[in-house]
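Sequential numbering from 0 applies to the sequence shown in numbering that gives the first Met the number 0. Glycine included, every Cβ here is placed at the ideal spot set by N, Cα and C. The structure displayed is predicted, hence computed values, not measured ones.
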Amino acid sequence: MKTKYFLCAGLLLALVSTELSAGEREGEAQFLSRVRQLTLEGRRSGEGYYSPDGKNIIFQSEREKGNPFYQIYVMSLETGDVNRVSPGTGKTTCAFFRPGTQEVLFASSHADPEAMKKQKAELDFRASGKTRRYSWDYDERMDICVADRNGKGVKRLTTARGYDAEGAYSPDGKKIVFCSIRDAYNRKDLTEKEKVKLKYDLAYFGEIYIMNADGTGQKRLTRSPGYDGGPFFSPDGKRIIWRRFTEKGDTADVFTMKTDGTDVRRLTDFKAMSWAPYYHPSGEYVLFASNKLGFENFEVYMVDAAGKREPVRVTHTDGFDGLPVFSPNGKQLLWTSNRTENKMSQLFLGRWDHAAALATLGKAPKRKTGTAVVEEPETQECTVKDGVTKLTSDITQADIRKQIEIIASDEFEGRDTASKGIEKARNYIIAQMKDLGLKPAGKNGEYTHKVDIKFGVELEKGKNELVIIDKDGKETKFELGKDFSPTSFSSNNKLEAEVVFGGYGLSVAGKPGVGYNSYAGLDATNKVVLVLRYVPEKVDGERRQALMRSAALVRKATVARTHKAKGVIIVSGPNSQNANKLIPLNYVRGAASSGVMALSGSHKLADAILAAAGKGNLKQAQDKLDTANPHNPMGFALPGVKIRLQTGVKKVTRPDQNIIAVLPPGVETDNPEYIMIGAHYDHLGYNDGSINPKGGNPGRIHNGADDNGSGTVTLLELAAWLTEQRKNNPKLFKRGIIFCWWTGEELGLLGSAQYAKNPLIPFKQVAAYLNLDMVGRMKDNRLIVQGMGTSSVWKKLIEKRNVVAGFTLRLQDDPYQPTDITSIYPKGVPSIALFTGTHKDYHKPTDDPPTLNYEGMERIANFTRQLLLDLAGDMKKPDYVKVERGAQPSRGALKAYTGVIPDYAADVKGLLINDVRPGGPAAKAGIKAGDVVVHLDGKDIKNIYDYTGALGSIKIGKPTKVAVMRKGKKVELQITPEARE
């Protein structure tokens, strides 16, 4: 994954791989593992219950078009398929499967003549932009209904006026227990207090009823002031559990009774709102929800079935966690939570540790009044032919491991772009494509798509010189490669000029203690500036971090240029890391010219310059600067010293190849469509700043097992599996699959960017794009899916396939990510990227095959194959959604935002715009894709570093002049920057 041009907010470090016992785990992890969001589609979802065989759930969700209220749905936990059970009109809630049949019950107001009118009123209210606190309204037209699992044969079992809901079947399917408020309407002897309750607090009249499964024999079981509701049968069918509110309605506790209403027992005395109790299948304990820790913070708790001990907390997440339900085997917990990104409730699922629950309950004080180890399945051995380990048609951990150990081996030398190592990797992948019989997408039967890579620079022979001239005219010549070296972002020039010392070469706006100006009082005009690398060494961590944002090498060069300097020499001081080391020529590979002569120097060179001016040595100068004492000068003149410089570097462009292979549609069509799936197969090579690595030092090879051997191999596994599927059932493939292995990603998405400009198959034929980048280090069951906002279909599709896959998903709408999705999405293609997060071995030589989570990779590959089958099948072509910038962040760390998407691969003077964000400042200003920004806020823009530097000086909300070149003409515009974190 590329980092040269994107800044990461933080790293997810995979520090521990050892399994922890329940006693060592903390918080939710004591009882729950692999917690993940099950439902994604719809405004909100909740209250899910298992079928008796555990293969399906029934739940309520606001996902019906034209109806803002809950409807009832059945979801298969084997396929992820969802179908509506309720009629689709009115309000519904509280569904349950009938054991031994295909029948389900639910509460519904669909028979209400005013149902459509109420729906419209709610839709109009929401359209007005107004909001209200979520609450339940106990609609008096709500009745208990039954239907089959496909929603056919809907029949009302209750018809009494008043809310009838919250129903559940007995384990033998013969009885239904439910809550009803009918008594509020049937009585003529209401007291004055009850009349007020009838008007303002209908729930007060809720009581528990029982009836036969056909609706006959309706009988009231409770007669207590306050809301009695949410009843369920015990696993043995002998008792009913429910929650009872006090007469005031401010607290509730958990109670049980026999099915005839006798032998009432109180399980909790929690002095909070405790409700929605549900038995574990063992019958040994009960889970329920309570706001014990705060009025709006509901957590799940558990208590022993006899209520002899104090409840034990289960969940530990602020917000709402409630309506907990066990799977029939007691190994899974399904519950409703608003721990989502938009804080709206959805269903969550996790593995339940029954043994840990029993152990913890046994230690609970008396009442005063998991990661399973998954064994790898046996698989057939892969065969080797001509050095290629043959892929099997099954996706297995063993196969994945074998392929990773090849792709991320020292033999491929880190797969650096345009290197011999990546050529070996390319030949290996192409051999696999040929063996599978996939068609080449390139012209003349080629699997490759040729690209030109701006690879770096190399020295021009005889054109690099550095000579110091002291006040007496004495010249001292220094050695190239030992005392000095140009940088990749140096301009080419020849000059003789005075020298000044510019301290740390920083220019940071702000008041004292925040800002930092190395050039204060320093005249650098037409001179060469000697500066230190990095930032002052003795400032505190927070200050250091703030200054480091302005300490990039190219930034120091451009700051010197803005102060009218002609050159800059950057030295790693004796107190800093990399002390006395020259900056490798291509350390900043692919950078544009900074506009000044930019060199790296040694201590010998710096000491000679300072001594010639009578200013001591570099150690003394750095010691004074490192304390950040405001009374010490940050820079000073060096009288009498001149320098004669010549720099000559030339850009090196090398050819490289993307790999593009095609699995054609399985049905004949005049207008074929395709699904693209891609992964970059390049990495960092030796990562030593050289464009001609000598090798011979395997310890320095960056093999990139996760980045992106994991994506490369997952794509190979998918190609093998899908090829076999198409062979056996071609009708499943209404669309073809385009497999793409990109090069140059680590240098700035170069391979995919050039393909986007010159595709082998037109993008109008591409229905969707999936990207795999760093999918090999799954931790805590977490899978990140980026680009969810690019089409309205993604949530429904991801939800469906994650039912079986079972990931804890982190969904991100933004498609503008530091990976190849950024190249493809702007071409009108709905795009998502899968990613398991960064880690401590990221971009280090330790990113090797043994560190990968192969079980996780197998699961991700199987998840992705199902997405591809859906997209390639009968599914309607996904709609393309232009993603606008997200909501405004809070004040605190705001930066100017312009909404441009740069083209990092472009070799132009200025900043080439690849795209602009819809609704962003650039779009509003009239900036278009293809424009080249050349001026911003009065500053010349020669490269992306000039642009980011200019961003630091413009003000949020203040109109700012910007100039772009558009089709050879200069266009003056005005942009108003907005704020972002």
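Determine whether the beta carbon atoms of residue i and residue j lie at a separation below 8 Å.
i, j, result
"Arg-400", "Tyr-680", "no"
"Tyr-72", "Val-81", "yes"
"Asp-469", "Lys-603", "no"
"Arg-312", "Pro-276", "no"
"Leu-76", "Lys-54", "yes"
"Ser-179", "Glu-206", "yes"
"Leu-644", "Val-527", "yes"
"Met-856", "Ser-751", "no"
"Leu-584", "Pro-485", "yes"
"Pro-877", "Val-792", "yes"
"Glu-294", "Trp-274", "Per the sequence shown, the amino acid found at residue 294 is Phe instead of Glu. Taking 8 Å as the Cβ cut-off, Phe-294 and Trp-274 do not qualify as a contacting pair."
"Gly-735", "Pro-663", "yes"
"Ile-452", "Thr-652", "yes"
"Ile-175", "Gly-166", "yes"
"Ala-607", "Val-538", "no"
"Ala-766", "Leu-870", "yes"
"Ala-502", "Leu-479", "Sequence check: residue 502 is Gly here, not Ala. No. Outside cutoff."
"Gly-248", "Gly-225", "yes"
"Val-899", "Ile-940", "no"
"Thr-88", "Ala-114", "yes"
By how many angstroms is the C-alpha of residue j removed from the C-alpha of residue i?
i, j, result
"Tyr-137", "Phe-105", "14 Å"
"Gly-694", "Pro-654", "Residue confidence is low: Gly-694 scores 42 on pLDDT, short of 50, so the model does not pin down where it sits. No coordinate-derived value is stated."
"Ala-921", "Lys-908", "19 Å"
"Lys-650", "Val-933", "22 Å"
"Thr-475", "Glu-464", "11 Å"
"Arg-916", "Pro-976", "13 Å"
"Tyr-944", "Gly-504", "15 Å"
"Lys-442", "Asn-913", "27 Å"
"Ser-601", "Val-661", "53 Å"
"Phe-254", "His-279", "15 Å"
"Thr-190", "Lys-196", "10 Å"
"Ala-271", "Val-299", "13 Å"
"Tyr-670", "Ala-545", "The amino acid at residue 670 is misidentified as Tyr; the sequence shows Asn. So the two alpha carbons sit approximately 54 Å from each other."
"Met-256", "Gly-236", "11 Å"
"Gly-647", "Glu-495", "15 Å"
"Gly-329", "Arg-33", "15 Å"
"Val-103", "Gln-865", "29 Å"
"Arg-560", "Thr-524", "9 Å"
"Ala-550", "Ser-489", "17 Å"
"Lys-826", "Thr-359", "55 Å"
"Asp-625", "Gly-520", "19 Å"
"Val-802", "Leu-37", "6 Å"
Closer than 8 Å by C-beta to residue i: which residues in its own chain qualify, once you throw out the five before and the five after it? Chain order, please.
i, result
"Thr-863", "Ile-676, Thr-713, Leu-717, Leu-769, Leu-771, Leu-833"
"Gln-973", "Ala-924, Pro-958, Thr-959, Lys-960, Val-961"
"Lys-342", "Gly-318"
"Asp-252", "Arg-242, Arg-243, Arg-265, Leu-266, Thr-267, Asp-268, Phe-269, Ser-273"
Between which residues of its own chain and residue i is the CB-CB distance below 6 Å, once the five residues before and five after are set aside?
i, result
"Lys-799", "Gly-79"
"Lys-423", "Phe-411"
"Met-964", "Val-931, Val-933"
"Phe-635", "Phe-500"
"Asn-577", "Ser-571"
"Arg-140", "Ser-108, Asp-111"
Whose C-beta lies closer than 7 Å to the C-beta of residue i among residues of the same chain, with five residues either side of it excluded?
i, result
"Ala-356", "Phe-30, Tyr-284, Met-301"
"Pro-629", "Pro-511"
"Pro-844", "Gly-698, Arg-699, Ile-700, His-701"
"Asn-492", "Met-596, Thr-646"
Would you please verify whether the beta carbon of residue i is less than 8 Å from any beta carbon of chain C?
i, result
"Thr-245", "Given the protein chain composition of this structure (a single chain), no chain C is represented."
Regarding residue i and the ligand NAD, is the C-beta to nearest heavy atom distance less than 7 Å?
i, result
"Thr-447", "The ligand NAD is not among the ligands present in this structure, which contains no ligands whatsoever."
Just to check my reading of the structure: residue i and residue j have Cβ atoms closer than 8 Å, yes? What is that Cβ distance to the nearest angstrom?
i, j, result
"Ala-212", "Lys-173", "6 Å"
Exercise for review: Mind the definition here: the region 392 to 407 touches the region 330 to 344 only if three or more C-beta pairs lie below 8 Å; say whether that holds.
Suggested key: no
Check your understanding: Does the region 397 to 411 come within contact of the region 721 to 739, defined as at least 3 CB pairs closer than 8 Å?
Key -> no
Review point. Counting pairs of beta carbons, one from the region 608 to 624 and one from the region 633 to 644, are three or more of them closer than 8 Å?
Key: yes
**Study point:** Meets three-Cβ-pair contact criterion under 8 Å: the region 47 to 64 and the region 315 to 330
**Key:** The answer is yes - the region 315 to 330 touches the region 47 to 64, with three or more Cβ pairs under 8 Å.
Point to revise | the region 802 to 814 contacting the region 776 to 788, beta-carbon criterion three pairs below 8 Å | key: yes
Review point. Are at least three pairs of beta-carbons, each pair with one atom in the region 105 to 120 and one in the region 144 to 156, less than 8 Å apart?
Key: Yes, the region 105 to 120 touches the region 144 to 156.
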